[in-house]
Structure formats: C-alpha cells, structure tokens
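A.B. asks: In our numbering, the protein residues as written are 39 to 433.
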Amino acid sequence: MARGRPQPGRRRHRAPRSGRLGAALALALALPLAASAGCRPRGSGGATELDAGVLASVQGDAASGRRGRLLYPGAPTSFVELVRDAAPAVVAIRATIPVRSGPAAMFPGAPPTASDTALGTGFVIESGGRYVLTNDHVIADVAEVRVGFTDGTELPARIVGRDPRLDLALLAIDAPRAPALRLADGAGDDGVMVGEWAVVLGNPFGDEVTATAGIVSATGRGAAGSLVPGPAIGFRTFLQVDARVHRGNSGGPVLSTAGEVIGVAVATGDRPGELGFAVPAARVREILEPLKRDGVVKRAWIGVLARSVTRPLAEQLGLPAAGGALITEVKPTSPAAKLGLRPGDVILRWNGRAVDDRTLPWLAAAAPSGQAVELTVWRDRATVTASLVPEPMPE
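(1) With a Cβ-Cβ cutoff of 9 Å, do Gly-190 and Val-176 count as a contact?
(2) Would Val-322 and Ala-281 be called neighbours here (beta carbons separated by less than 9 Å)?
(3) Taking Ser-372 as the reference, which of Leu-343, Val-170, Val-335, Thr-295 has the closest Cα?
(4) Determine the DSSP secondary structure at Leu-329, reduced to helix, strand or coil.
(5) From Leu-171 to Leu-208, what does the alpha carbon distance come to, in whole angstroms?
(6) If I'm right that Leu-364 touches Ala-424 with Cβ under 8 Å, what's the distance once you round it to whole angstroms?
(7) Considering only residues of the stretch 178-245, which uninterrupted beta strand (DSSP E) runs meet the minimum length of 3 residues and lie entirely inside it, listed in chain order?
(8) Looking only at C-alpha atoms, which of Glu-234, Ala-125, Arg-220, Leu-206 sits nearest to Thr-188?
(9) So, with DSSP's three-state summary, where would you put Val-247?
(10) What span of residues does the alpha helix (DSSP H) with Gln-278 cover, start to end?
(11) Just tell me which of Leu-277, Ala-249, Val-299 has its CA closest to the CA of Asn-287.
(12) Let's test the definition: count the other Cβ atoms within 10 Å of the Cβ of Thr-421 and tell me whether it reaches 16, buried, or not, exposed.
(13) Could you work out which residue in Pro-242, Ala-338, Ala-222 is closest to Thr-484 when comparing CA atoms only?
(14) Keeping to the same chain, check which residues put their C-beta closer than 8 Å to that of Ala-251; ignore five residues upstream and five downstream.
(15) Can you check whether the CB of Leu-206 is closer than 9 Å to the CB of Asn-131?
(16) Chain B beta carbons: is any one of them nearer than 9 Å to that of Glu-412?
(17) Could you compute how far the alpha carbon of Glu-192 sits from the alpha carbon of Pro-406?
(18) Is Val-28 near Gly-244, with beta carbons less than 9 Å apart?
(19) Take the Cβ of Met-231 as the centre, count every other Cβ of all protein chains shown within 10 Å, and call the residue buried at 16 or more, exposed below.
(20) Let's see if you can read the secondary structure: which residues bound the alpha helix (DSSP H) around Pro-399?
(21) Count the other C-beta atoms from every protein chain shown that fall within 10 angstroms of the C-beta of Ala-359, then say buried if there are 16 or more, exposed otherwise.
(22) Using three-state DSSP, classify Arg-168 as helix, strand or coil.
(23) Would you mind working out which of Gly-186, Val-393, Arg-203 sits nearest Val-247, comparing C-alpha positions?
(24) To which residues of the same chain is Leu-401 closer than 6 Å at the C-beta, ignoring the five residues directly before and after it?
(25) Mind checking who Thr-421 pairs with in its DSSP beta bridge?
(26) Helix, strand or coil for Leu-343, going by three-state DSSP, please let me know.
(27) May I ask which residues mark the beginning and end of the beta strand (DSSP E) holding Ala-316?
(28) Determine the burial state of Gly-356: buried for a count of at least 16 other Cβ atoms within 10 Å of its Cβ, exposed for fewer.
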C-alpha cells in the first residue's frame, strides 16, 4: 500500500502531534504501540496496522546502527495480541523447599522435610535447546523444581546454572517443541530507552498469565558497583519500570511492544508505588553461555568505584573532551591498588576501547582473570598507559 493513500472503505487516522498531549494519552491507552511510531487504528478492538513506510524506516534505523523500536514483520500490534502470543512460553515455577517441621524442629540438626512450595514465574528461551529463565531466589536451596504451562502440562526441570549476583537461574527442560520467547537484540543497554512501553507477565499458579503494563522509567546503566565484590550487584544495574511486579511474577519476562524480552522481572514488594526492576536482556545474554558451560558466572574485578566525567569536570582535569571513568575510590589490595591507580585518575581506554563509567564495569567483570589488559589513564593532565591484571571477584 502506498504511503499516504488510505485503503478503500477505511477512514484514515493520523497520529497525534506531540503538542496534543491529551489526545496522545487517550490514544496511547487504547493503542499500546506509540502513536508517534506511525500506527493507525484498524477500526476495532484496539488493534493497529503498521504503516509500511514507517516500518521500513524503523528497520532502516536498525540497519544503520540505531535500534529504534523493536518492530519486525509479524510483531504483535496490541497488548491483547502481545500477551496472547507470549503466554504459552510463560511458565509457573514450583520449587519444593526443604523445611524443618514437627516438635524436633527446635533442636539443632533436625532433619528437613520437603513440604513447602515456592511459587514464581519463568519463561522458555531457545538457546541450543529449550531452557527456562527465572530468578535465582525462586529456586535457591530447593529439593526439586517443576515448571507448569498454561495448558496444564507440568515438567521436571534441572538447574543448569545460577547467578545470585544478578538473581538469575537457568533451568533445562525436556520439551524441544515448547514455545519460546526471544531476547531483544542490541549491543549493551543502548537499545532500551526511557519512556518505551514495558509489559510484565507472570504465571505463579500455572493456570493463567497475568499482565501489567507501564513504561521504562530508567535504564540503570550507572552500575559502578559491579566493580566491587558483594552478595548482589544492586538495583542500579537493572531496568526500572513503573509496571507492577508482584512477588509471584518474579522471573517473568518484561516485553517490548514487539514481544521481545527486554528484561527479567525482579519483584521488590507488593505495596502500591514500589518500584519494579528487571535484569536487562543485555546482561542476560552475557551470562547464558557461562551458565550453560560452567553452571556459574566467573566475574573479575579491578577494585575501583567510578563516576562519569562531565564537561565542567573535564575542563577542571584538563581533559580535551568529556569522557572516561573518573576513579573515586580504590579498594585496598585490589588489582587497581597493586597497579597504583588512585582517586582522581580517569580511565579512558580498556585494551584500546573507549570506556566510561557505564561500560567499564561490565568490561572489567567479563575480563578473564589473570590476563593482563592495557589501560589508558589520564593523570596530571597527560595520558599514561599501564598493564592491569584483573583478579577473580571475591565472594
């Protein structure tokens, strides 16, 4: 259909201009795809028809390096279609937890009995087989894990790997034809933008998929905490969404309007107004192979805390341009301390790659321990190069 020529028998509706806020909000509630993306009503039920010209434009953006919106041929065009298409891959996690019960439970060494069941959500992904992603806290210290599909099918699951720092676990199921969701493409976190729609699905009881919707409130990319050890990397690593994430929805998929997984939901509580968080798909992609291969994620650390370099700060430091990661703290006995890095240094490059406070943590965490990397550091208004050897991140 040629762009700008309405189909016979259909009334052409144009997307609202940005200044018509009230109309735009009303249309957004009825049509989950952003009107600014070039969607037009199809006449009933909140479904939309993608303008071929706009779709081609979005695909062109993707080809040129911009992710744009997650649109592809056959993508769902309403929340109803999105949930309907994704629901068969969203599973209930039933984990039998050993608990101590009976009169003997008050004494040390009492034998546990498997009688308590934890409920959570997971979803099937295809990665050289059928796997289920869920939160680590759902299956931690369990005796047995089973997954339940909406059609009533229930299957045993094997724990393949766990990553407590990101609160993720990978399970294997023997269901080669089970429907699966796909992780969103894109390098790093740049493909997820503040303000885009996010739909959180849950299936804690195995009989019905629940859905909540909202927008991405923050992308959480300033996660310098991943450079230091600790029990968890922290919520600054995660996507923040204003869609409700109930406790039973822990481990459920957070979807874009195209039905791609942009994150894995992590519940924080059920009180109204509490923030919802999700592990970004980019982080999930990084750990899939280590979990499948080793069962754990072996991270490295260099032992610094860092912040961004603003333009005024760059001028103060004598840097030609804003960029790099400004070291604010160096941990004692860390690889950075052994090298002689100090607060006020700015790490500009990691093995020749330009870095900032957002990218440096993940490069450091993913670096092979014991293998030297070349750092380019700004100190005393001049660049110096040094060889740093990352070490295994302490527990």
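Glycine included, C-beta positions come from ideal geometry on N, C-alpha and C. Here the structure is a predicted model, which means the values were calculated and not measured.
C.D. replies: Taking the geometry as given:
(1) 9 Å or more divides the Cβ of Gly-190 from the Cβ of Val-176.
(2) Taking C-beta atoms as the reference points, Val-322 and Ala-281 fail to come closer than 9 Å.
(3) When only C-alpha atoms are compared, the closest one is Leu-343.
(4) Judged by DSSP in its simplified three-state form, Leu-329 adopts helix.
(5) Spanning the two alpha carbons is a distance of roughly 5 Å.
(6) Taking a contact as a CB-CB distance under 8 Å, the pair Leu-364 and Ala-424 does not count as one, their CB atoms being some 16 Å apart.
(7) Taking 3 residues as the shortest admissible run, the stretch 178-245 contains the following complete beta strand (DSSP E) segments, listed from N- to C-terminal end: 182-186, 192-201, 206-210, 235-240.
(8) Thr-188 has its Cα closest to that of Ala-125, out of Glu-234, Ala-125, Arg-220, Leu-206.
(9) Looking at Val-247 - three-state DSSP - the assignment turns out to be coil, as it is neither helix nor strand.
(10) Counting along the chain, Gln-278 falls outside any alpha helix (DSSP H), though it belongs to the beta strand (DSSP E) covering 277-279.
(11) Closest option to Asn-287, Cα to Cα, is Ala-249.
(12) Exposed, since its Cβ has fewer than 16 Cβ neighbours within 10 Å.
(13) No information on residue 484 is available, as it lies outside the stretch 39 to 433 that the chain covers here.
(14) Pro-70, Phe-117, Trp-235, Ala-236, Val-237, Val-238, Ala-281, listed in sequence order.
(15) Sequence check: residue 131 is Ile here, not Asn. No.
(16) Any reference to chain B falls outside this structure, which holds one protein chain only.
(17) CA-to-CA, the gap between Glu-192 and Pro-406 works out to about 39 Å.
(18) Residue 28 lies beyond the stretch modelled for the chain, which goes from 39 to 433, so this question has no answer here.
(19) Answer is exposed; the Cβ neighbour count stays below 16.
(20) Counted as a single uninterrupted DSSP element, the alpha helix (DSSP H) harbouring Pro-399 occupies residues 398-404.
(21) Exposed is the call here.
(22) Arg-168 falls in the strand class under three-state DSSP.
(23) The shortest CA-to-CA distance from Val-247 to any of Gly-186, Val-393, Arg-203 is the one to Gly-186.
(24) So the qualifying residues of the chain are Trp-388.
(25) Answer is Trp-416.
(26) In the structure shown, Leu-343 falls within a strand segment according to DSSP collapsed to helix, strand and coil.
(27) Note, Ala-316: beta strand (DSSP E), 314-318.
(28) For Gly-356, the number of other beta carbons within 10 angstroms of its own is below 16, and it is reported as exposed.
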